[in-house]
Amino acid sequence: MVQDAINPWATFRFALGYPDERHLEFFAEHLGRPPSSLETLRSEYIDWFEAGLPHPKCPLLEAYYLLNRPAGEVVLENKLFFQHFGLSMQSKAAPDHLLTQLEFLSWLEHCIAVGNPESQSLARARKDFVERHLRHWIPRAAQSLANRGAGCYADVFAALAAQVEEVVREGASENPSEVQA
Numbered sequence: 016m017v018q019d020a021i022n023p024w025a026t027f028r029f030a031l032g033y034p035d036e037r038h039l040e041f042f043a044e045h046l047g048r049p050p051s052s053l054e055t056l057r058s059e060y061i062d063w064f065e066a067g068l069p070h071p072k073c074p075l076l077e078a079y080y081l082l083n084r085p086a087g088e089v090v091l092e093n094k095l096f097f098q099h100f101g102l103s104m105q106s107k108a109a110p111d112h113l114l115t116q117l118e119f120l121s122w123l124e125h126c127i128a129v130g131n132p133e134s135q136s137l138a139r140a141r142k143d144f145v146e147r148h149l150r151h152w153i154p155r156a157a158q159s160l161a162n163r164g165a166g167c168y169a170d171v172f173a174a175l176a177a178q179v180e181e182v183v184r185e186g187a188s189e190n191p192s193e194v195q196a
């Protein structure tokens, strides 16, 4: 049976997708400072996440934030994680792109919510993926957006960073023998 709870990863996936009219409504309903128009929202999205030289102000790629690992290694590790669960990349987005990562977490969350017999294993995989791939860069991106006054996107990233830490914290309480960094 499907739970009535909202899938947080699907919500973040939606909120951080390229904006349309639904995003304007979403931000007006859920955030304290919605953009004034769809054109403004789209302009902000492109400015923060897609355009810029040599890169956007806040790239949505995990590998951008890692200084101690080759980008190819990060991309491959993401891809192998997806393949372990029998998932293949249908989009042109990079495996380490935040929207791809959120799509994967949304899928895991859905599998857990519908009572998959492997729910405990899926929950451990979710925690592992979040620790390995979101925990080290989402808080940094959130802080960067907050410091630069990125409006609604700073709010979304702050909430996403809180969700990431919640998953890590919940996982630590389920396995108290783990040492957290």
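Numbering (the numbering used here), first residue to last: 16 to 196. We put the beta carbon where it would ideally sit given N, CA and C, even for glycine. Remember, predicted model here, so these are calculated numbers, not experimental data.
If you count every other CB in all the chains shown that lies within 10 Å of the CB of residue i, and 16 or more means buried, which is it?
{"i": "V145", "result": "buried"}
{"i": "D170", "result": "buried"}
{"i": "Q116", "result": "buried"}
{"i": "I127", "result": "buried"}
{"i": "A20", "result": "exposed"}
{"i": "V129", "result": "exposed"}
{"i": "R28", "result": "buried"}
In this structure, how does DSSP classify residue i when only helix, strand and coil are distinguished?
{"i": "H112", "result": "strand"}
{"i": "G47", "result": "coil"}
{"i": "F96", "result": "helix"}
{"i": "W131", "result": "The amino acid occupying residue 131 in the given sequence is Asn; Trp does not appear at that position. Reduced to three states, the DSSP call for N131 is coil."}
{"i": "L31", "result": "coil"}
{"i": "P6", "result": "In this structure the chain extends from 16 to 196, so residue 6 is not present and cannot be described."}
{"i": "N83", "result": "coil"}
{"i": "L117", "result": "helix"}
{"i": "Q178", "result": "helix"}
{"i": "N162", "result": "helix"}
{"i": "A20", "result": "coil"}
{"i": "R150", "result": "coil"}
Relative to the C-alpha of residue i, which residue among the options is closest?
{"i": "L81", "options": "A25, Q158, L149", "result": "L149"}
{"i": "R99", "options": "R141, L75, E77, C73", "result": "It should be noted that the sequence gives His, not Arg, for residue 99. It is R141 whose Cα lies nearest to the Cα of H99."}
{"i": "G32", "options": "P49, E65, S52", "result": "E65"}
{"i": "A43", "options": "G166, S134, R139", "result": "G166"}
{"i": "S52", "options": "A157, D35, S121, L46", "result": "D35"}
{"i": "L75", "options": "E180, T26, H112", "result": "H112"}
{"i": "F172", "options": "A161, G87, R84", "result": "A161"}
{"i": "V183", "options": "A86, E133, H151", "result": "H151"}
{"i": "P154", "options": "P132, E180, R147", "result": "E180"}
Per DSSP, residue i forms a beta bridge with which residues?
{"i": "L76", "result": "H112"}
Look at residue i and residue j and say whether their C-beta atoms are less than 8 Å apart.
{"i": "P71", "j": "W63", "result": "yes"}
{"i": "P23", "j": "Q135", "result": "no"}
{"i": "F119", "j": "L137", "result": "no"}
{"i": "P50", "j": "E59", "result": "yes"}
{"i": "A78", "j": "V90", "result": "yes"}
{"i": "C73", "j": "A176", "result": "no"}
{"i": "M104", "j": "F97", "result": "yes"}
{"i": "L56", "j": "H45", "result": "no"}
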